[in-house]
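Shown next, in structure tokens, is the structure this report addresses.
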Amino acid sequence: MIRCNKININNGMADVTINELTGQAPTNTDVFPFSTTGVTPSTYKATLLQIKTALAIPAAQIQSDWNQASSASLDFIKNKPTIPTVPKIAWARFNGSGTIQASSGITSITNNPSSLGTWLYRIDVTAAGFSNANYSVVGMTRYNNYSNFMQLYTGGGETTTYNPTQTVFYVGTNNDQGGGTNTHINYIQVIGN
50 MIRCNKININ
60 NGMADVTINE
70 LTGQAPTNTD
80 VFPFSTTGVT
90 PSTYKATLLQ
100 IKTALAIPAA
110 QIQSDWNQAS
120 SASLDFIKNK
130 PTIPTVPKIA
140 WARFNGSGTI
150 QASSGITSIT
160 NNPSSLGTWL
170 YRIDVTAAGF
180 SNANYSVVGM
190 TRYNNYSNFM
200 QLYTGGGETT
210 TYNPTQTVFY
220 VGTNNDQGGG
230 TNTHINYIQV
240 IGN
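The sequence shown maps to residues 50 to 242 in this note's numbering.
In structure tokens:
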């Protein structure tokens with residue numbers, strides 16, 4: 050038979066002392082009063098198996114896991130903040146022929162789509178990965194020293210043929226008289242989810 054007389058165990062975090070035990074060798078189901086230093090409260094009662102399990106903490110540092118959903122896991126992050134959704138952004142600078150000069154998230158730009166007019170452009174934003182057509186479009190245009198503007202094109206009237214979709218929308222460039230004008234420098238920015 051084995052006697053246990055104040056077994057000191059160090060798990061790298063706190064010293065645990067199993068108080069004096071007389072009698073037979075302890076088994077996993079025996080209940081021990083024990084005390085600790087460095088943690089609160091300092092006195093407990095637990096089975097030998099519970100003590101062994103509690104001390105089975107890896108000696109190496111535990112790396113927190115942002116995606117860990119189980120609060121029982123050692124790598125769980127408590128009180129983790131919610132990260133806000135960052136909007137997707139697509140933008141481009143392009144000329145009157147629809148040639149992209151610089152861009153991000155723009156798949157393609159087609160001038161005079163379906164022979165509708167050289168002042169119209171089909172903007173494909175598939176590369177941006179928008180989840181729906183509820184994005185915001187801002188555009189600017191310039192032709193020499195004239196006043197021009199860019200507008201979203203939907204085909205006029207009640208037609209929905211050219212309404213924005215998740216991946217495509219149409220814009221037109223106009224002069225200050227309201228007529229379509231093929232402009233030299235165009236900028237467009239799209240923001241959405």
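Yeah, the Cβ is synthetic: ideal placement off N, Cα and C, and Gly gets one too.
1. Using the Cα positions of Asn193 and His233, report the straight-line distance between them to the nearest angstrom.
2. Report all residues from its chain with a CB closer than 7 angstroms to the CB of Tyr211; omit the five preceding and five following residues, and keep chain order.
3. Mind checking which residues open and close the beta strand (DSSP E) that includes Thr203?
4. For Ala141, tell me which candidate among Thr214, Val187, Thr230 and Ser120 has the shortest Cα-Cα distance.
5. Cα-Cα, which of Gln200, Thr167 and Thr156 is closest to Thr175?
6. Roughly how many angstroms lie between the CA atoms of Ile240 and Arg191, to the nearest whole one?
7. With DSSP run on the structure shown, which of helix, strand or coil describes Thr210?
8. Between Ile132 and the rest of its own chain, which residues show a CB-CB distance below 6 angstroms, the 5 nearest in sequence each way excluded?
9. To the nearest angstrom, how far is the alpha carbon of Met189 from that of Asn144?
10. At which residues does the beta strand (DSSP E) containing Lys137 begin and terminate?
11. How many whole angstroms separate the CB atoms of Gln215 and Asn181, which I take to be in contact at a CB cut-off of 8 angstroms?
12. Starting from the C-beta of Val217, find all residues in its chain whose C-beta is less than 6 angstroms away, skip the five residues before and the five after it, and write them out in chain order.
13. Secondary structure at Ala177, three-state DSSP: helix, strand or coil?
14. What does DSSP give as the partner residues of Ser157 in its beta bridges?
15. Could you give the residue range of the beta strand (DSSP E) that holds Gln238?
16. Where does Ile132 sit, in a helix, a strand or coil, going by DSSP?
17. So for Ser164, helix, strand or coil by DSSP?
By the coordinates alone:
1. If you take the alpha carbons of Asn193 and His233, they lie about 8 angstroms apart.
2. Excluding positions up to five away in sequence, the list reads Tyr202, Thr203, Gly204 and Tyr219.
3. That residue, Thr203, is in no beta strand (DSSP E); it is neither H nor E in DSSP.
4. Measuring from the Cα of Ala141, the nearest candidate turns out to be Val187.
5. The shortest C-alpha separation from Thr175 is found at Thr156.
6. C-alpha separation (whole angstroms): 22 angstroms.
7. Annotated three-state conformation of Thr210 is coil, per DSSP.
8. Closer than 6 angstroms at the Cβ level, and outside the excluded window around Ile132, lies no residue.
9. Distance between the alpha carbons of Met189 and Asn144 is about 12 angstroms.
10. Annotation for Lys137: the continuous beta strand (DSSP E) segment containing it runs Lys137 to Asn144.
11. Right, the Cβ-Cβ distance comes to about 6 angstroms (below 8 angstroms), so this counts as a contact.
12. Excluding sequence neighbours, Val217 sits near Asp173.
13. In the three-state reduction of the DSSP assignment, Ala177 falls in the helix class.
14. Asp173.
15. Gln238 -> beta strand (DSSP E) spans Ile234 to Gly241.
16. DSSP places Ile132 in coil when its eight states are reduced to three.
17. In the structure shown, Ser164 falls within a helical segment according to DSSP collapsed to helix, strand and coil.
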